[in-house]
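Engineer: If you scroll down you'll find the structure; I have some questions about it.
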Amino acid sequence: MNQSISSVAVIMPAAGSGQRFGSDQNKLFTLLDGKPIWEQTATVLRSHRAVKRIVMPISDRDRDYFVSVGAAAVASLGIELVSGGAQRTESVGAGLNLVIDDPAIELVAVHDAARPLVKPGELDRVFERASQTGAAILASPVTATVKQTLDEGQSCRTIDRSTLWLAQTPQVFRPSILRQAYQRHRGRPATDDAELVSRTGAEVALVECSAENIKITHPGDLAIAEALVNSRKQNSKTTNHDE
Ligand code: C5P
């Protein structure tokens, strides 16, 4: 780890509705290994020595939860709450407003609250690359065969996967680069922050990460996350036992 990176602000958007998860409440309140998903994610981020601020955009619908049930964890993890918006970019923009003028911040990282399985080493590598280039994201190479259909599945063709990557988070930027991307954003839909940055002409570097950094989207993803947590616990027991 590049010891010179000492000050990262993380924006951890948590204001989604989680419709695809099929639950009445925010999917991030679902327990994973005994803690809500958002708290698991924030705990990994807070453990990184360079993370100085964690700003969490939340929806107004969830504010009661975060000031009651979630309040103790919010306080102990030093999370700053802010009102998010209807689109993910609006939520991140609201978080950005809170940190952008902080002179102590060297990098701004955006990390989905729904990705609790990011590894400390992956944070190290993407922070380091962003400090060198100004913009870097975690991503994993596409391993599946990818088909494209233009007629709703009547026919298809194969897309060459050798140049394709799946974007993940954290997506990490020098504050001035992300600020410019958000200033120029005029509401054209974008599913991630790297897309907004690319539109300004800035290059975004890819940092390879494991496919374990899943975003919990559908109910089945929770079962996968639980299996990954258990296997990591098992591995760490074996390692400790061997030592
Ligand atoms: O819906 P999805 O899981 O793709 O959203 C990714 C992350 O962005 C989630 O952590 C979700 O809570 C957050 N989000 C947000 N504001 C929105 C939509 C999503 O903060 N309007």
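The numbering of the sequence shown is full-length UniProt numbering, which starts it at 1 and goes up by one.
Where a beta carbon is used, it is the ideal one built from N, C-alpha and C, also for glycine.
Answer with buried or exposed for Ile54, where buried requires no fewer than 16 other C-beta atoms within 10 angstroms of its C-beta.
Structural biologist: The sequence position of residue 54 within the sequence shown is 54, counting from 1. Label assigned to Ile54: buried.
Engineer: Using a threshold of 9 Å, state whether the C-beta atoms of Glu195 and Ala139 are closer than that.
Structural biologist: Taking the first residue of the sequence shown as 1, we reach residue 195 at position 195. Taking the first residue of the sequence shown as 1, we reach residue 139 at position 139. No.
Engineer: May I have a chain-ordered list of the alpha helix (DSSP H) segments no shorter than 4 residues that lie completely inside the region 160–226?
Structural biologist: Listed in chain order, the complete alpha helix (DSSP H) runs (minimum 4 residues) inside the region 160–226 are 175–184 and 193–199.
Engineer: Heavy atom of the ligand C5P less than 8 Å from the Cβ of Glu106, yes or no?
Structural biologist: As a working mapping, residue 106 is identified with position 106 in the sequence shown. Glu106 Cβ: outside cutoff for every heavy atom of the ligand C5P.
Engineer: What distance in whole Å lies between the Cβ atoms of Ser83 and Asp60, which are believed to be in contact at a cut-off of 8 Å?
Structural biologist: To locate residue 60, count along the sequence shown from 1; it is residue 60. To locate residue 83, count along the sequence shown from 1; it is residue 83. Contact flag correct, Cβ pair sits at about 6 Å.
Engineer: DSSP three-state label for Lys237, please.
Structural biologist: The residue labelled residue 237 in the question sits at position 237 within the sequence shown. Looking at Lys237 - three-state DSSP - the assignment turns out to be helix.
Engineer: Could you tell me which residues DSSP puts in a beta bridge with Leu81?
Structural biologist: Sequence index remark: in the sequence shown, residue 81 carries index 81 (1-based). Answer by DSSP bridge pairing, in chain order: Met56.
Engineer: First and last residue of the alpha helix (DSSP H) that includes Leu96?
Structural biologist: The residue you call residue 96 lines up with position 96 of the sequence shown. Per DSSP, Leu96 belongs to the alpha helix (DSSP H) from Arg88 to Val99.
Engineer: List the residues that DSSP assigns as beta-bridge partners of Ala139.
Structural biologist: Taking the sequence shown and counting its residues from 1, the one referred to as residue 139 is at position 139. Answer is Ala167 and Glu208.
Engineer: How many whole angstroms separate the CB atoms of Ala109 and Pro57, which I take to be in contact at a CB cut-off of 8 Å?
Structural biologist: Mapped onto the sequence shown, residue 109 falls at position 109. Mapped onto the sequence shown, residue 57 falls at position 57. About 14 Å; that fails the 8 Å criterion.
Engineer: Bridge partners of Arg157, per DSSP?
Structural biologist: Here residue 157 is taken as the residue at index 157 of the sequence shown, counted from 1. Answer is Gln148, bridged to Arg157.
Engineer: If we ignore side chains and look at the alpha-carbon of each, how far apart do Asp33 and Asp151 end up?
Structural biologist: Taking the sequence shown and counting its residues from 1, one reaches residue 33 at position 33. Taking the sequence shown and counting its residues from 1, one reaches residue 151 at position 151. Asp33 and Asp151: Cα-Cα distance of roughly 43 Å.
Engineer: In the DSSP output, which residue or residues are listed as bridge partners for Ala109?
Structural biologist: Your numbering for residue 109 matches position 109 in the sequence shown. Note: Ala109 sits in a beta bridge opposite Val10 and Val172.
Engineer: Whole angstroms are fine: how far does the CA of Ile5 sit from the CA of Glu128?
Structural biologist: For the purposes of this step, residue 128 is taken as the residue at position 128 of the sequence shown. For the purposes of this step, residue 5 is taken as the residue at position 5 of the sequence shown. Taking the straight line from one Cα to the other gives about 7 Å.
Engineer: If Arg92 and Pro13 are in contact, beta carbons under 8 Å, what's the gap, nearest whole angstrom?
Structural biologist: As a working mapping, residue 92 is identified with position 92 in the sequence shown. As a working mapping, residue 13 is identified with position 13 in the sequence shown. Correcting the residue type first, residue 92 is Val in the shown sequence and not Arg. Indeed, because the Cβ distance is near 6 Å, the residues count as touching under 8 Å.
Engineer: Between Ser236 and Thr133, what straight-line distance do the alpha-carbon atoms span, to the nearest angstrom?
Structural biologist: Within the sequence shown, numbered from 1, the residue matching residue 236 stands at position 236. Within the sequence shown, numbered from 1, the residue matching residue 133 stands at position 133. Whole-angstrom Cα-Cα distance: 34 Å.
Engineer: Quick check: the region 39–54 against the region 101–121, are at least 3 beta-carbon pairs closer than 8 Å?
Structural biologist: Output reads yes: the region 39–54 touches the region 101–121.
Engineer: Starting from the Cα of Thr200, find the closest Cα among Asp101, Phe21, Arg179 and Gly220 and give me that residue.
Structural biologist: The residue you call residue 200 lines up with position 200 of the sequence shown. The candidate whose alpha carbon is nearest that of Thr200 is Arg179.
Engineer: Relative to the alpha-carbon of Pro141, which residue among Ser131, Ala167, Thr158 and Ile216 has its alpha-carbon at the smallest distance?
Structural biologist: Along the sequence shown, read from residue 1 onward, the residue named residue 141 stands at position 141. Here the closest residue by C-alpha is Ala167.
Engineer: Name the residue from Ala50, Ala73, Glu122 and Gly22 whose alpha carbon lies nearest to the alpha carbon of Ser211.
Structural biologist: Position 211 of the sequence shown, counted from the start, is the residue given in the question as residue 211. It should be pointed out that residue 211 corresponds to Ala in this sequence rather than to Ser. Of Ala50, Ala73, Glu122 and Gly22, the residue nearest in Cα terms is Glu122.
Engineer: Please identify the residue among Gly220, Ala227, Val8 and Ala223 whose C-alpha is closest to the C-alpha of Ala104.
Structural biologist: Translated into the one-based positions of the sequence shown, residue 104 becomes position 104. Of Gly220, Ala227, Val8 and Ala223, the residue nearest in Cα terms is Val8.
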